[in-house]
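Residue numbers (our numbering): 13 to 319.
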Ligand SMILES: [Zn+2]
């Protein structure tokens, strides 16, 4: 790590990262995605679980953690789900004047990377992350990137990233069935790297423009049309990502859709449409992976709705 922020300036920097990374539904949907920033003394500010990226402000939407403690433990080897959530809880530091906040389930892997980390559920990156052909295309477009096979968010994903983590380097991670993560010594560099990777994917694959996601009661007309095309049963039986499992159950597809559901659905349909357009095949989570998400008790992936 080469550019440690002071604890005084870090909240404003984190808020800037959140606003930028959370600026559009093509990069992040609902409360997905995450930003973090390490500061002097082995501390790390990270978006709170359940907060939207664009709602992170200097005075809310984030938590302070002892990332040195978390990283120290994770570098000794994989942790189980319960151990990791206990570790993150015990490493959370109350901040005077800041509403109590639970750090994201993804705090583990952020603690292992360079000072500034931007993690988005980019629909462009997910064309690569959610298709059979995407890994080889990602390796061609980004020879230095790390391609991480699908792992459940939390301890499993953390362990998969840990073996590749280089805390002094800029890194780009493609997370299968999930999203994109970049690390950099400073916030502006991480945002620029995130932007350039997304632009290079759009250009490299000649991806179409991203659809608008208007505010709507129930499904947006675009989502209703794409759902009619793919079919409700297909969308319930074939799960591309944890976000789909979390947000797109039977009730949501039947029209009980809020803004988060519409954002997630538009991203899923964009990925499916792009994969079709490229002549590729979508890659869905296995039944075991979907079942595992249903067993998770921590973080926002603890399911409230069963299929
Ligand atoms: Zn994520």
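From the three backbone atoms N, C-alpha and C, an ideal C-beta is built for every residue, glycine too.
For clarity, every value in this text was computed on a predicted model and none was experimentally measured.
Alpha carbon to alpha carbon, what distance is there between residue j and residue i?
i           : j           : result
residue 133 : residue 297 : 16 Å
residue 240 : residue 246 : 10 Å
residue 111 : residue 56  : 17 Å
residue 18  : residue 144 : 43 Å
residue 109 : residue 25  : 18 Å
residue 40  : residue 119 : 17 Å
residue 271 : residue 150 : 30 Å
residue 318 : residue 51  : Bear in mind that the predicted position of residue 318 carries a pLDDT of just 34, short of 50, making it too unreliable to give a figure here.
residue 198 : residue 127 : 6 Å
residue 45  : residue 268 : 23 Å
residue 202 : residue 107 : 25 Å
residue 228 : residue 273 : 11 Å
residue 166 : residue 263 : 26 Å
residue 147 : residue 288 : 16 Å
Does ligand 1 have a heavy atom nearer than 7 Å to the CB of residue i?
i           : result
residue 321 : Since the first and last residues shown for the chain are 13 and 319, residue 321 lies out of range.
residue 165 : yes
residue 122 : no
residue 196 : no
residue 46  : yes
residue 118 : yes
residue 189 : no
residue 131 : yes
What three-state label does DSSP hand residue i in the structure shown?
i           : result
residue 308 : coil
residue 126 : coil
residue 78  : strand
residue 274 : helix
residue 13  : Below a pLDDT of 50, predicted positions are generally treated as unreliable, and residue 13, at 47, falls in that range; the measurement from the model is reported next regardless. Looking at residue 13 - three-state DSSP - the assignment turns out to be coil, as it is neither helix nor strand.
residue 87  : coil
residue 112 : coil
residue 154 : coil
residue 230 : coil
residue 210 : helix
residue 20  : coil
residue 92  : coil
residue 186 : strand
residue 215 : helix
residue 173 : helix
residue 142 : coil
residue 299 : helix
residue 28  : helix
residue 250 : coil
Considering only their Cβ atoms, is the gap separating residue j from residue i smaller than 8 Å?
i           : j           : result
residue 191 : residue 137 : yes
residue 188 : residue 124 : no
residue 156 : residue 184 : yes
residue 280 : residue 265 : no
residue 99  : residue 117 : no
residue 304 : residue 276 : no
residue 193 : residue 115 : no
residue 140 : residue 212 : no
residue 42  : residue 78  : no
residue 75  : residue 282 : no
residue 48  : residue 122 : yes
Quick check on residue i - is its C-beta less than 8 Å from some C-beta in chain C?
i           : result
residue 190 : As a matter of chain content, chain C is missing from the structure shown, which is built from one protein chain.
Is the stretch 242-252 touching the stretch 287-304 in the sense that three or more CB pairs, one from each, lie closer than 8 Å?
Contact holds: three or more Cβ-Cβ distances are below 8 Å.
Three or more C-beta pairs under 8 Å: does that hold for the stretch 166-173 against the stretch 76-91?
As far as the Cβ criterion goes, the stretch 166-173 touches the stretch 76-91, which means the pair count is three or higher.
Sufficient close CB pairs (3 or more, under 8 Å) joining the stretch 31-39 to the stretch 60-78:
Short answer: they touch.
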